[in-house]
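Numbering (this note's numbering), first residue to last: 47 to 336. For reference, the structure is listed below as C-alpha cells.
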C-alpha cells in the first residue's frame, strides 16, 4: 500500500492510473477505522482494479463545541486495517495542504424555497456540519479521480446528501452506499463507540433495539404515530438525551405522518457525552399501510 501526503501528487497519481484504463474505487474516511470501513475497502477492491482510501479529520464539519480535538487519530492501527483489507493507496493530507492559505470556497446542498437534505435530522443539532461534509467530499472526489466512491449507510443523511451533490453537479463518479456493519449485539460500528465506558456501551443498545422494534411493528401494520411515540419512550429510557427519532422519506428526508411503501427510521441520541446515530429501512405492503 502506497501512502501519499500531497494532494497534488495524489491527484496526479490517480489520474495516471485512470489513464492506464484501471478502474478506481475510493473510500473517504476520518480514520479510527473499524470493520465497517474495512468492508467498504473490500467492496471497492472487488468492484475495481484499485482501491484508494483517504484519512482526513475534516475541521470544516465540526462545530466549535464538538470533538474535533479529541477525535481519535490512530494512523498506525488504521494502516494495518487497510493493508489487510487490500487497499492499494492511502491519502493522508495535512489540513494546511488540503485547505491552503487563502482557501475560501464552500459547497452547500439546498437552496431557498427548496426542501433540502440539510434541514432536520442531524442538521438541526449540527449547524454548518453538512456544508463542511459537502465541501470536503467534493474536493476528495475531484482529487481521487475515482470511478466509484463508497459510503456506509449508517451515515444516512450524509449519504443522501452526497448522492444529491453528485447528481446536481454532474460529477463523473458513481456512489455506492453499503449496508451498516454491526457488532454482534446489534450496535452499529462507529469510530465514536470507543468513547463509551462500559455502562454507556450497555445502554447504547437502546438505540438499535428501539429502531428494530419500530421497524418490526410498522412492517406488521401497526399505526405509525403510536408506534413512533412508543419507540421514542423506549429510547429515552436508555439514552441521556434523544436529539431525534423520525420516520422520513428516504429520498427527500421529509418526516412522514402516514406509512409509505419505503421509509427510513433514523435516530440520534447521546450516551454520556457521546452522540450516536443509526437508522433502519422499512418496507410496508399496501394492505398494511394505515
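Beta carbons: idealized from backbone N, C-alpha and C, even for Gly.
Buried versus exposed, by CB contacts within 10 Å (16 or more), residue i
| i | result |
| --- | --- |
| residue 104 | buried |
| residue 189 | buried |
| residue 127 | buried |
| residue 191 | buried |
| residue 134 | buried |
| residue 225 | exposed |
| residue 151 | exposed |
| residue 215 | exposed |
| residue 261 | buried |
| residue 84 | buried |
| residue 287 | exposed |
| residue 61 | exposed |
| residue 266 | exposed |
| residue 244 | exposed |
Residue i: first and last residue of the uninterrupted beta strand (DSSP E) it sits in
| i | result |
| --- | --- |
| residue 292 | 287-294 |
| residue 278 | Residue 278 -> not in any beta strand (DSSP E); alpha helix (DSSP H) instead, spanning 270-284. |
| residue 215 | Unbroken run through residue 215: none, as it is neither H nor E. |
| residue 223 | 220-224 |
| residue 135 | 135-137 |
Among the options, the one whose alpha carbon lies nearest that of residue i
| i | options | result |
| --- | --- | --- |
| residue 101 | 112, 262, 88, 123 | 123 |
| residue 71 | 92, 109, 144 | 92 |
| residue 143 | 185, 213, 132, 156 | 185 |
| residue 58 | 137, 77, 82, 130 | 137 |
| residue 86 | 146, 199, 326 | 199 |
| residue 109 | 246, 168, 79, 74 | 168 |
| residue 212 | 331, 154, 62, 293 | 154 |
| residue 280 | 197, 249, 231 | 249 |
| residue 271 | 256, 283, 303 | 303 |
| residue 202 | 312, 74, 195 | 312 |
| residue 257 | 245, 282, 247 | 282 |
| residue 229 | 176, 111, 288, 255 | 255 |
| residue 63 | 193, 197, 306, 210 | 193 |
| residue 146 | 289, 54, 130, 307 | 54 |
| residue 132 | 180, 78, 47 | 47 |
| residue 140 | 50, 322, 267 | 50 |
| residue 316 | 284, 330, 327 | 284 |
| residue 382 | 236, 238, 180 | As shown, the chain starts at 47 and ends at 336. That puts residue 382 outside it, with no answer to give. |
| residue 268 | 314, 290, 329, 112 | 329 |
Where residue i falls: helix, strand or coil (DSSP)
| i | result |
| --- | --- |
| residue 199 | coil |
| residue 179 | helix |
| residue 123 | helix |
| residue 335 | Model confidence at residue 335 stands at a pLDDT of 49, short of 50, so the residue's coordinates are unreliable and nothing is read from them. |
| residue 56 | helix |
| residue 244 | helix |
| residue 316 | strand |
| residue 159 | Confidence at residue 159 is low in this model, with a pLDDT of 48, below 50, so its placement is unreliable and the value that follows should be read with caution. Three-state result, residue 159: coil. |
| residue 75 | strand |
| residue 304 | coil |
| residue 149 | coil |
| residue 191 | coil |
| residue 101 | strand |
| residue 49 | strand |
| residue 171 | helix |
| residue 298 | coil |
| residue 129 | helix |
| residue 230 | coil |
| residue 184 | helix |
| residue 206 | helix |
Expected contact under 8 Å - CB spacing of residue i and residue j to nearest Å
| i | j | result |
| --- | --- | --- |
| residue 96 | residue 164 | So it is not a contact: roughly 32 Å between Cβ atoms. |
| residue 242 | residue 320 | 6 Å |
| residue 294 | residue 273 | 15 Å between Cβ atoms; not a contact. |
| residue 251 | residue 231 | 6 Å |
| residue 175 | residue 107 | 5 Å |
| residue 318 | residue 227 | The Cβ separation is near 23 Å, so there is no contact. |
| residue 264 | residue 322 | Incorrect: roughly 22 Å between the Cβ atoms, too far for contact. |
Limits of the unbroken alpha helix (DSSP H) element including residue i
| i | result |
| --- | --- |
| residue 321 | Taken as a continuous stretch (DSSP letters only), residue 321 belongs to no alpha helix (DSSP H), being part of the beta strand (DSSP E) at 320-329. |
| residue 92 | 81-93 |
| residue 257 | 252-265 |
| residue 106 | Where residue 106 is concerned, there is no enclosing alpha helix (DSSP H), given that its DSSP letter is neither H nor E. |
| residue 144 | 141-144 |
Any chain D beta carbon closer than 9 Å to residue i
| i | result |
| --- | --- |
| residue 196 | Chain labels in this structure do not include chain D; a single protein chain is all it has. |
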